[in-house]
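Accompanying notes for the structure given below.
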Amino acid sequence: MSLLSVRGARRVFQTPEGGRLAALDGVDLQVGAEEFVTLLGPSGCGKTTLLRAISGFEALDEGTIHLQGADLLRLAPYRRPVNTVFQSYALFGHMSVARNVGYALEVRGMGRAARQARVDEALEKVGLSGLGARAIGQLSGGQRQRVALARAIVAEPRLLLLDEPLSALDRNLRQQMQLELKALQARLGIAFVFVTHDQEEALTMSDRVVVMRKGRIEQIGPPREIYRKPRTRFVAEFIGETNLFDLDAQGRTPEGLIFAVPNPPAARFTACLRPSDFHLAEQGIAGVVTKVVYLGADLHLYVQPKVGGPELRVTARDHAAAPVVGAEVHLGHDPEALHLLEA
3 MSLLSVRGAR RVFQTPEGGR LAALDGVDLQ VGAEEFVTLL GPSGCGKTTL
53 LRAISGFEAL DEGTIHLQGA DLLRLAPYRR PVNTVFQSYA LFGHMSVARN
103 VGYALEVRGM GRAARQARVD EALEKVGLSG LGARAIGQLS GGQRQRVALA
153 RAIVAEPRLL LLDEPLSALD RNLRQQMQLE LKALQARLGI AFVFVTHDQE
203 EALTMSDRVV VMRKGRIEQI GPPREIYRKP RTRFVAEFIG ETNLFDLDAQ
253 GRTPEGLIFA VPNPPAARFT ACLRPSDFHL AEQGIAGVVT KVVYLGADLH
303 LYVQPKVGGP ELRVTARDHA AAPVVGAEVH LGHDPEALHL LEA
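Here it is in structure tokens:
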């Protein structure tokens, strides 16, 4: 049974020009009791609107939201058993770390001893034991992010909502916090719904990724499925780099490249290959290297096929054997890696 159930969620806004924009257009989503689900998509796709609707900060025009069978739309935001970690953290600068974390418990009237025990436990879970007396201004960005997490989990919510909480961190700290967040979620044993526009973040942490576009869900699935088997052209292009091919029933592009396609459709269709699915070979697609981009462990090669058409993107890991710009190469690929798109 799902912990969270969203059905037919619709939210329409008036545009400055007097038109109507559906920020949510019939969204259905189920989240399991201990699942880490990420809402991923470009700005304006509806992911934050959906998160705000679950938390109670945004009303729906249509649809239902239930948490363990209870109708959340009947509850005020402060009565919903969910907590939100915001992008800005919204910490109180005049309060200590411990006071920030325990403030909601204080407002509820919890006794000092019980409140302190809960605060200490929450700080321990996020790796901030012993820092309760510090001022917020004395903390690093990563520590502030942990304080925001501790404040969100101290009330023991059934569901934690996270609205791009890592966006203000530098790359190395952000990558570290991605792993820590996933580990924290596993220790707590509660559901996380995480909003981001960062593909790497979504693929790193999630049990399932929800790719959104124009108020609708394009695809839901485990990270590997989203990356290896994108359902639509939008998902293929949005999640990582890819090579797209417009093929006929014989597996031929308009320029003359030919691909082996098991059970191809009768009409023209689109297929994709990830850059890592290509490899340098003795024979195959003939082309000329136009660019070589160094990205640490990987080299990204851009190869212009001799028959014409768009450049192909290829990932190479053998730096010593990598061709230089202007070199003539042949590209091979695993036929099983060629993936057909629905639309």
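Residue numbers for the sequence shown follow our numbering, beginning at 3 and rising by one.
For glycine and all other residues, C-beta sits at the position ideal for the given N, C-alpha and C.
Environment of residue i [buried if 16+ CB atoms lie within 10 Å]
| i | result |
| --- | --- |
| T292 | exposed |
| V87 | buried |
| F240 | buried |
| G113 | exposed |
| L333 | buried |
| Q147 | buried |
| V29 | buried |
| R82 | buried |
| G48 | buried |
| F280 | buried |
| A185 | exposed |
| S57 | buried |
Beta bridge counterpart(s) of residue i as assigned by DSSP
| i | result |
| --- | --- |
| S98 | A137 |
| H274 | One detail in the question is off: residue 274 reads as Cys in this sequence, not His. L246 and H341. |
| Y304 | K293 and R315 |
| N85 | L162 |
| D27 | R12 |
| S7 | Q32 and H68 |
| A322 | Bridge partners of A322: none, in fact. |
| R218 | R215 |
| E284 | Paired residue(s): none; E284 is not in a bridge. |
| H335 | F280 |
Same chain, Cβ closer than 7 Å to residue i, five either side skipped, listed in chain order
| i | result |
| --- | --- |
| T198 | T40, L42, E166 and A204 |
| T255 | F247, D248, L249 and G311 |
| T206 | Q180 |
| L175 | G143 and G144 |
Residue i to residue j span [Cα, whole Å]
| i | j | result |
| --- | --- | --- |
| Q187 | V211 | 16 Å |
| D73 | I67 | 6 Å |
| L93 | V149 | 8 Å |
| Q145 | E220 | 35 Å |
| Q32 | G286 | 45 Å |
| V237 | I228 | 8 Å |
| R218 | T17 | 18 Å |
| V305 | F247 | 15 Å |
| A322 | S45 | 40 Å |
| P337 | A299 | 25 Å |
| E64 | L164 | 24 Å |
| Q180 | L151 | 13 Å |
| R315 | A25 | 34 Å |
| V8 | L69 | 9 Å |
| R76 | G129 | 36 Å |
| G328 | E313 | 13 Å |
| L343 | R233 | 5 Å |
| K127 | L303 | 44 Å |
| A115 | T51 | 38 Å |
Check whether residue i and residue j have beta carbons under 8 Å apart
| i | j | result |
| --- | --- | --- |
| P277 | N245 | yes |
| A35 | A193 | yes |
| L282 | V331 | yes |
| N102 | L162 | no |
| R117 | A55 | no |
| G143 | A100 | no |
| F15 | S208 | no |
| G242 | Q201 | yes |
| G95 | G139 | yes |
| R348 | T272 | Outside the modelled stretch of the chain, which goes from 3 to 345, sits residue 348, for which no answer is possible. |
| L53 | V213 | no |
| S98 | A137 | yes |
Contact set for residue i: own chain, Cβ-Cβ below 8 Å, skip 5 residues either direction
| i | result |
| --- | --- |
| K308 | A288, G289 and V290 |
| L275 | T244, N245, F247, H335, A339, L340 and H341 |
| S131 | D122 and L125 |
| L301 | V294, V295, T317, A318, R319, H321 and A324 |
| E360 | This structure gives no information on residue 360, because the portion of the chain shown stretches from 3 to 345. |
| A106 | R153, V156 and A157 |
| D172 | G143 |
Contacting residues, own chain, Cβ-Cβ under 6 Å from residue i (five flanking each side not counted)
| i | result |
| --- | --- |
| V263 | G253 |
| G104 | R117 and V121 |
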